[in-house]
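Novice:
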Amino acid sequence: MTAPASATTPFDVTEIRKDFPILNDASRTRPLSYLDSAATSQKPAVVLKAMQDYYIHANANVHRGVHELGDAATSRFEHARHRVARFLNADPRGLIFVRNTTEALNLVATGIARQGGLMSSDRVVLSVLEHHSNIVPWQLERSTHGFAIEAIPLLPDGSLDMAAARKLLAPPTKILSITYQSNVLGIVTPLRELIDMAHEAGILVAVDGAQRVPHARVDLKELNCDFFAMSGHKLYGPMGSGVLWGKPELLSSMSPFLGGGSMIDTVTFERTTWAELPQKFEAGTPDVAAAVGLAAACDYIDSLSYEAMENYESSLMQHLVQMLDSLPFIEVYGPEDRTQIVGAVSFNVQGVHAHDVGTICDRHGVAIRVGHHCCQPLMRHLGVPATARASVAVYVTHDDIDALQEALEDVAAIFARVIAPYSPATPEHRHA
Ligand SMILES: Cc1ncc(COP(=O)(O)O)c(C=O)c1O
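Position one of the sequence shown corresponds to residue 838 (the working numbering), numbered consecutively onward.
Put into structure tokens, the structure is as follows:
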């Protein structure tokens, strides 16, 4: 099958694929259709080169050397901070380099709770869409500080129940911590509306932006959230690169997350005082090469243009979801209005465990993700233990989607005996 007619775009994916060494790896013995970028993206050569260049020309520890290399490393690290802040249109004083979204959300939960911002009479609101990294850090703090946690429920199609959200965004809620885009259903949450509702009630908002930044321009000044977490490795940046951005006045009043070198002003055995932002939250030796690589990834994305990228990816998603919907043995999860499925789509082959689907796809050289996707509460809502998930990125082609179709037809042939005539169950039926 070829791309849908509406998918005409000036985006030159053949050229883009040349930028990604792993997609042109001559040592591979079979083709690769990488449909697992929601787990981690592949990295363009410019990112790898920036990191290597840092190690060859500027490697030293930062913020402490009086020598030339120490200055060079510090300058590249701080340049990276400003570059990533500019990418997000955010104040660089509030930009903390962390390893990933998980660490960023742990930093927020710990920093607020330890400083006394969450007491036993308070409530934290999450949603049923959340990744475990936006559930477990709050539960860890709850075990010490005793506050309540509640989750905004979902409508049967997986979108947020906004009437329920409105009720929860009121006293005693102190914090709303919520995803911008679901890693399972591809649903984009109505974040502007939620932030406005929360702020009217004096509630702080932390956003899990892990799945949003790879697919759409995020402008933090415009969004006006209080905290924003993201992983660089899903954004064509290196493993070990991530960001927590927070409003500087909030970060200043929060407790540090990790203690040690670099994050202090003075230390005595009686009392320690903290460094200014952002160092207060960057204890120990940072991963300078990861920060430098993430800055190079921002350059790379800006060189492509988000608009062209969004258009191209939406043509891929249209093709992908239409293909899945056309196969009678597949159940797709998410809104009936398929245009609301962005970046990633979840599905199951009727009667076949997602792990078997993933294994057979792999035999065809098609990499998809299978399992609970670190979203067990959402799996419970869907009434399934696991799903298969295909996700797109700038280097995915329409041929990759055709390869997935072939692999899924093979799954159907292998499991022909267990695939009954298709009768999609509604989420309510599955719960019964
Ligand atoms: C929505 C969402 N939040 C958080 C995470 C955690 O990201 P990381 O493993 O980089 O910390 C993921 C990873 O898949 C995710 O998809």
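We put the beta carbon where it would ideally sit given N, CA and C, even for glycine.
So Arg913 and Tyr891 are in contact, right, with Cβ under 8 Å, and what is the actual spacing, rounded?
Specialist: Going by Cβ atoms, the distance from Arg913 to Tyr891 rounds to 6 Å, so yes, they are a contact pair.
Novice: Just how far apart, CA to CA, sit Asp856 and Ser957?
Specialist: The alpha-carbon atoms of Asp856 and Ser957 are separated by roughly 52 Å.
Novice: Compute the Euclidean distance between the alpha carbons of Ala882 and Gly995, then round it to the nearest angstrom.
Specialist: Rounded to whole angstroms, Ala882 to Gly995 spans 37 Å at the Cα level.
Novice: Taking the straight line between their C-alpha atoms, what separation do you get for Ala895 and Glu915?
Specialist: Their Cα atoms are separated by approximately 13 Å.
Novice: Per the DSSP calculation, Leu963 is bridged to which residue(s)?
Specialist: Answer is Ala988.
Novice: May I have the straight-line CA-CA distance separating Glu967 from Val903, to the nearest angstrom?
Specialist: Near 45 Å, if we compare the C-alpha coordinates of Val903 and Glu967.
Novice: How big is the Cα-Cα spacing for Leu1153 and Ala1047?
Specialist: Cα to Cα, the separation comes out at about 20 Å.
Novice: Closer than 8 Å is the cut-off here; do at least three beta carbon pairs connect the stretch 962–978 with the stretch 1213–1227?
Specialist: Counting Cβ pairs under 8 Å, three or more are found: they touch.
Novice: Closer than 8 Å by C-beta to Gly834: which residues in its own chain qualify, once you throw out the five before and the five after it? Chain order, please.
Specialist: Limits of the chain in this structure are 838 at one end and 1269 at the other, which puts residue 834 out of reach.
Novice: Have a look at Glu1265 and Gly1083 and give me their C-alpha separation to the nearest angstrom.
Specialist: For Glu1265, the predicted model reports a pLDDT of 39, less than 50, meaning its position is unreliable and no value from the coordinates is stated.
Novice: Using C-beta distances below 7 Å, list every residue in its chain close to Thr807, excluding the 5 sequence neighbours before and after it, in chain order.
Specialist: Examination of residue 807 is not possible in this model, given that the chain is present from 838 through 1269 alone.
Novice: Pick helix, strand or coil for Lys1272, following the three-state DSSP scheme.
Specialist: The requested residue 1272 does not occur in the structure, where the chain is confined to residues 838 to 1269.
Novice: Flag this pair as yes or no: are the beta carbons of Phe1184 and Thr1224 separated by less than 8 Å?
Specialist: Against a cut-off of 8 Å, the Cβ pair of Thr1224 and Phe1184 comes out as a contact.
Novice: Give a single yes or no on whether Gly1079 has its beta carbon closer than 7 Å to a heavy atom of ligand 1.
Specialist: Answer for Gly1079: yes, Cβ within range of ligand 1.
Novice: With a threshold of 8 Å, are at least 3 pairs of Cβ atoms found where one atom belongs to the stretch 1070–1088 and the other to the stretch 929–945?
Specialist: Cβ pair count under 8 Å is three or more, so yes.
Novice: Have a look at the DSSP bridge pairing and note the partners of Tyr1170.
Specialist: Beta-bridge pairing links Tyr1170 to Ser1183.
Novice: Alpha carbon to alpha carbon, how far is Asp1236 from Val850? Give it in angstroms, no decimals.
Specialist: C-alpha separation (whole angstroms): 11 Å.
Novice: Residue ranges of each beta strand (DSSP E) run of no fewer than 3 residues wholly in the stretch 891–916, ordered along the chain?
Specialist: List check, beta strand (DSSP E) in window: nothing returned.
Novice: Excluding the 5 residues flanking Ser1090 on each side, which residues of the same chain have their C-beta closer than 8 Å to its C-beta?
Specialist: The residues are Gln952.
Novice: Considering only heavy atoms of ligand 1, does any lie closer than 7 Å to the CB of Ala1134?
Specialist: Ala1134: no, Cβ never under 7 Å from ligand 1.
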